[in-house]
């Protein structure tokens with residue numbers, strides 16, 4: 015009840031009115047069975063389940079609400095989130111490419127070429143173009159025939175696999 019009051023601005027009176035209206039209009043009082051338990055326990059269980067229902071119902075907030083705290087992992091809140099495309103340099107204004115090789119050292123150039131060949135062998139052409147910032151997320155997802163969210167998640171898994179494979183290759 016405290017969460018409903020503090021987080022969502024509902025009063026106890028509003029919650030109780032809504033609970034009773036729902037209980038009466040939907041005929042939930044007809045579901046009570048004396049043979050299964052006492053009336054007090056049934057009402058306590060009903061109120062507990064209803065409060066959980068109210069929390070779930072209130073948890074999805076409007077887009078225009080200022081300073082909202084939402085759970086990004088809850089699928090119902092996906093419409094309220096803006097995914098920052100950190101892998102695509104074109105969409106990320108703070109992107110600065112990392113200089114990881116010394117172009118004057120032949121050994122570094124050889125290692126860079128082998129790593130690039132490994133990248134091209136691991137990732138598809140579309141994934142590589144997306145990672146290099148040549149195409150956007152929506153275009154890459156369209157070329158792969160998936161949604162943007164599915165493409166992003168699959169690419170995250172493939173990047174994790176790639177990092178693991180690189181570590182294994184460096185250990186040998």
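Numbering (this note's numbering), first residue to last: 15 to 186. No residue lacks a Cβ here, since even glycine has one placed at the ideal position from N, Cα and C.
* Asked: So, does the CB of residue 50 fall closer than 7 Å to a CB anywhere in chain C?
  -> Considering every chain present, this structure includes no chain C. It has just one protein chain.
* Asked: For the 8 Å Cβ check, are there 3 or more pairs between the region 43 to 57 and the region 17 to 30?
  -> Segments in contact, no.
* Asked: What distance in whole Å lies between the Cβ atoms of residue 136 and residue 176, which are believed to be in contact at a cut-off of 8 Å?
  -> About 5 Å; that satisfies the 8 Å criterion.
* Asked: With respect to the alpha helix (DSSP H) encompassing residue 118, which residues constitute its N-terminal and C-terminal limits?
  -> Careful: residue 118 lies outside any alpha helix (DSSP H) and carries neither H nor E.
* Asked: Taking 6 Å as the cut-off, is the CB of residue 73 close to at least one heavy atom of the ligand GDP?
  -> The ligand GDP is absent from the structure shown, which contains no ligand whatsoever.
* Buried versus exposed, by CB contacts within 10 Å (16 or more), residue 155 -> Burial state of residue 155 is buried, judged by a 10 Å Cβ sphere holding 16 or more other Cβ atoms.
* Asked: If we ignore side chains and look at the alpha-carbon of each, how far apart do residue 28 and residue 57 end up?
  -> In a straight line, the C-alpha of residue 28 is about 18 Å away from that of residue 57.
* Euclidean distance between Cα positions of residue 186 and residue 167 -> Interpretation of residue 186 is limited by its pLDDT of 46, a score under 50 that renders its predicted location unreliable; no figure is taken from the coordinates.
* **Whole-angstrom distance between residue 129 and residue 157, CA atom to CA atom** => In a straight line, the C-alpha of residue 157 is about 25 Å away from that of residue 129.
* **Whole-Å CB distance - residue 141 paired with residue 172, under 8 Å assumed** => Your pair residue 141 and residue 172 checks out as a contact, with CB atoms roughly 7 Å apart and the cut at 8 Å.
* **Identity of the residue in 31, 30, 32, 60 nearest residue 44 by Cα** => Out of 31, 30, 32, 60, 60 has the C-alpha closest to the C-alpha of residue 44.
* Compare the Cα-Cα distances from residue 36 to each of 65, 125, 21 and report the closest residue. => Residue 65 is the option with its Cα nearest to residue 36.
* Asked: For residue 186, which three-state DSSP category applies?
  -> Per-residue confidence for residue 186 stands at a pLDDT of 46, beneath the threshold of 50, marking its modelled position as unreliable; no derived number is given.
* Asked: Roughly how many whole angstroms lie between the Cα atoms of residue 163 and residue 48?
  -> Taking the straight line joining both Cα atoms gives about 49 Å.
* **Nearest-angstrom Cα separation, counted from residue 183 out to residue 147** => Distance between the alpha carbons of residue 147 and residue 183: 26 Å.
* In angstroms with no decimal places, state the Cα-to-Cα distance between residue 34 and residue 71. => Roughly 17 Å between the two C-alpha positions.
* Buried/exposed call for residue 134, threshold 16 Cβ in 10 Å -> Residue 134 counts as exposed, since fewer than 16 other beta carbons sit within 10 angstroms of its beta carbon.
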